[in-house]
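Peer 1: Okay, handing you the structure first.
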Amino acid sequence: MKKNTKINLDTIKGIEPSKSNLEHIVLPKVSALYNDLVQNNKKVIEDYLFWKDKIEEIQAHLSPTYTLNVLNNKVSGKVVNAKLKWKINQSAKASYYNIHIGKLSEYKKGLTDKQLVIDAKTKVDLFIASKLEIELKDTNNQYFILGK
572 MKKNTKINLD TIKGIEPSKS NLEHIVLPKV SALYNDLVQN NKKVIEDYLF
622 WKDKIEEIQA HLSPTYTLNV LNNKVSGKVV NAKLKWKINQ SAKASYYNIH
672 IGKLSEYKKG LTDKQLVIDA KTKVDLFIAS KLEIELKDTN NQYFILGK
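Residue numbers (the working numbering): 572 to 719.
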């Protein structure tokens, strides 16, 4: 389809929505309109998707999902680990990471200990910060890794 071609949907306003009309008249016109819109706005759409993904990626890094678990270690006894479900980047599949928090004996109230919750959040945040690579684009559309 030519750029800047206007597709007039006025011609189909009064058409009956039968299966045949939808298939042979409406769908081809609406598809052509859609394809024309995408073609004429390709850069805007690509930029929109890129920045939308970046916002979602940053929000996911700001609020990680993890659970605290007690494990029996043969050497040090009962230890607390955080099981973190996290995607390193938007294109990667979410993986699970075990992060050692400390010995259970250090926390008097067990998994409900307030200090344990603080320590776990701190260690999870440090782990994410050590692995995090956020790719952005500058005003010249050149990609760069944040902080590098």
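Ideal Cβ positions, reconstructed from N, Cα and C, are used throughout, including at glycine.
#1: Taking its Cβ as the centre, do 16 or more other Cβ atoms sit within 10 Å of residue 712, making it buried, or is it exposed?
#2: Does the structure place the region 692–703 close enough to the region 649–658 that three or more beta carbon pairs sit under 8 Å?
#3: Starting from residue 653, trace the beta strand (DSSP E) in both directions and tell me its first and last residue.
#4: Suppose you measure from the CA of residue 594 to the CA of residue 627; what does that come to, to the nearest Å?
#5: Would the beta-carbon of residue 671 fall within 8 Å of that of residue 646?
#6: Considering Cα atoms alone, identify which of 675, 623, 613 is closest to residue 642.
#7: Quick test of your reading: residue 689 and residue 704, contact by CB under 8 Å. State the CB separation rounded to the nearest angstrom.
#8: Put residue 666 into one of helix, strand or coil per three-state DSSP.
#9: Would you report the Cα separation of residue 574 and residue 610, rounded to the nearest angstrom?
Peer 2: According to the structure data:
#1: exposed
#2: yes
#3: 648–657
#4: 37 Å
#5: no
#6: 675
#7: With 8 Å as the limit, residue 689 and residue 704 do not qualify as a contact, their Cβ atoms being about 27 Å apart.
#8: strand
#9: With a pLDDT of only 48 at residue 574, under 50, the local geometry of the prediction cannot be trusted, and no value is derived from it.
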